[in-house]
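The block underneath contains the structure these notes are about, expressed in structure tokens.
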Amino acid sequence: MLDSFLLHRAHDVVRQGGVVASLVDASVLTAPGSSHIRRRYLETTDIERVATFRNQNTFDQIDRRFRYAVVVAQTTEQSDTFKLGSGFVTPEDLKDEENYFELDPDFVYRFSPNTQAFPLLERDIQYEALQRLVEAPVLQDHENDEGWSIRPSGEFNQTTDSKYISETPYEASDPIYRGKNIYQYAYQNVSEAELNQPDLWTIPKSTDQGLSTKEYLREQKRTGNSEKLKAESPRIVYRRITRNTNERSMIACLLPSDYFHVNSLRGLDPYFGDQGDLVVSQSPLEFSSN
Numbered sequence: 001m002l003d004s005f006l007l008h009r010a011h012d013v014v015r016q017g018g019v020v021a022s023l024v025d026a027s028v029l030t031a032p033g034s035s036h037i038r039r040r041y042l043e044t045t046d047i048e049r050v051a052t053f054r055n056q057n058t059f060d061q062i063d064r065r066f067r068y069a070v071v072v073a074q075t076t077e078q079s080d081t082f083k084l085g086s087g088f089v090t091p092e093d094l095k096d097e098e099n100y101f102e103l104d105p106d107f108v109y110r111f112s113p114n115t116q117a118f119p120l121l122e123r124d125i126q127y128e129a130l131q132r133l134v135e136a137p138v139l140q141d142h143e144n145d146e147g148w149s150i151r152p153s154g155e156f157n158q159t160t161d162s163k164y165i166s167e168t169p170y171e172a173s174d175p176i177y178r179g180k181n182i183y184q185y186a187y188q189n190v191s192e193a194e195l196n197q198p199d200l201w202t203i204p205k206s207t208d209q210g211l212s213t214k215e216y217l218r219e220q221k222r223t224g225n226s227e228k229l230k231a232e233s234p235r236i237v238y239r240r241i242t243r244n245t246n247e248r249s250m251i252a253c254l255l256p257s258d259y260f261h262v263n264s265l266r267g268l269d270p271y272f273g274d275q276g277d278l279v280v281s282q283s284p285l286e287f288s289s290n
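Residue numbers (my numbering): 1 to 290.
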């Protein structure tokens, strides 16, 4: 937030037509709390370039934040296009014109209509994929009834619902999956990583627990438009996003029926909308979709 304030102040005091070159934390380009300064740049300045750097001992002993950004803009009318580059390492990279993408302000508004976050593009394939995404129709449109949306949610909170989760399986228990059970982070780029087996289980009705896990879900966490539990049908789950720069933000899996999951995974309600006819085996990693 302090970086945003300094940018606002710099543009307040500079004369019309003056150029402001700023060295700021890279979160200014993406954080929701800095959307006001991004809108000011996009609407009232001629942005010359935006570049992000990895702080690899560039400011040793001064600042240890991982990313910083250089923003150069002139206080004149809105720019037609501007240069954007990401993932630079040395200050010399700032002048390497081949590593920049030419964007227009409208592209940013289509990419991030609510907060005008700048896309952090490093490779051509990222830019090409993003172009296809922003040119596609909006999935959810609040202004008319033609849009559609998904409602991801969890089944268990591992802390508050711990009474209905067992760390040892009963004879009639069903597995409860966590994020590490569908993907295990590895420092090497390997095609196959060893996955941790489930270590959480549902509590069946035959115990002295009182409410079983399924009875608890039926009473407290029913799907909004059905008496059925989500786990009674195959459904898509994905690892929860931990931060807005997480490149592994869509690690997904298709869980078979009677497989549950905690809040480190988010799942789609199989009874909300049409997800097609799914044929799923007893392994969460082996499935086919018709």
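From the three backbone atoms N, C-alpha and C, an ideal C-beta is built for every residue, glycine too.
In its own chain, which residues sit with a C-beta less than 6 Å from the C-beta of residue i, not counting the 5 before and 5 after it?
| i | result |
| --- | --- |
| residue 209 | 203 |
| residue 286 | Low confidence applies here, because residue 286 scores a pLDDT of 38, under 50, leaving its location unreliable; read the following figure in that light. Nothing meets the Cβ criterion. |
| residue 179 | 239, 264 and 265 |
Starting from residue i, follow the beta strand (DSSP E) in both directions and report where the run begins and ends.
| i | result |
| --- | --- |
| residue 10 | Careful: residue 10 lies outside any beta strand (DSSP E), inside the alpha helix (DSSP H) at 2 to 13. |
| residue 22 | 19 to 25 |
| residue 129 | Taken as a continuous stretch (DSSP letters only), residue 129 belongs to no beta strand (DSSP E), being part of the alpha helix (DSSP H) at 124 to 135. |
| residue 71 | 67 to 74 |
Which residue marks the beginning of the alpha helix (DSSP H) containing residue i, and which one marks its end?
| i | result |
| --- | --- |
| residue 238 | Residue 238 -> not in any alpha helix (DSSP H); beta strand (DSSP E) instead, spanning 235 to 239. |
| residue 38 | 35 to 44 |
Across which residues does DSSP place residue i in a beta bridge pair?
| i | result |
| --- | --- |
| residue 260 | 176 |
| residue 252 | 238 |
| residue 83 | 49 and 102 |
| residue 202 | 165 |
| residue 265 | 239 |
| residue 88 | 53 |
| residue 153 | 267 |
Relative to the C-alpha of residue i, which candidate in the options has its C-alpha closest?
| i | options | result |
| --- | --- | --- |
| residue 267 | 24, 182 and 39 | 182 |
| residue 24 | 66, 219 and 113 | 66 |
| residue 211 | 123, 12, 162 and 40 | 162 |
| residue 93 | 120, 20, 52 and 114 | 52 |
Using C-beta distances below 8 Å, list every residue in its chain close to residue i, excluding the 5 sequence neighbours before and after it, in chain order.
| i | result |
| --- | --- |
| residue 28 | 3, 4, 7, 34, 37, 38, 69 and 71 |
| residue 165 | 156, 158, 176, 200, 201, 202, 203, 213 and 262 |
| residue 215 | 205 |
| residue 76 | 16, 17, 45 and 46 |
Please return the same chain residues whose Cβ sits closer than 7 Å to the Cβ of residue i, not counting the five positions on each side in sequence.
| i | result |
| --- | --- |
| residue 81 | 102, 103 and 104 |
When you compare the CB positions of residue i and residue j, do they come within less than 8 Å of one another, or not?
| i | j | result |
| --- | --- | --- |
| residue 85 | residue 54 | no |
| residue 130 | residue 118 | no |
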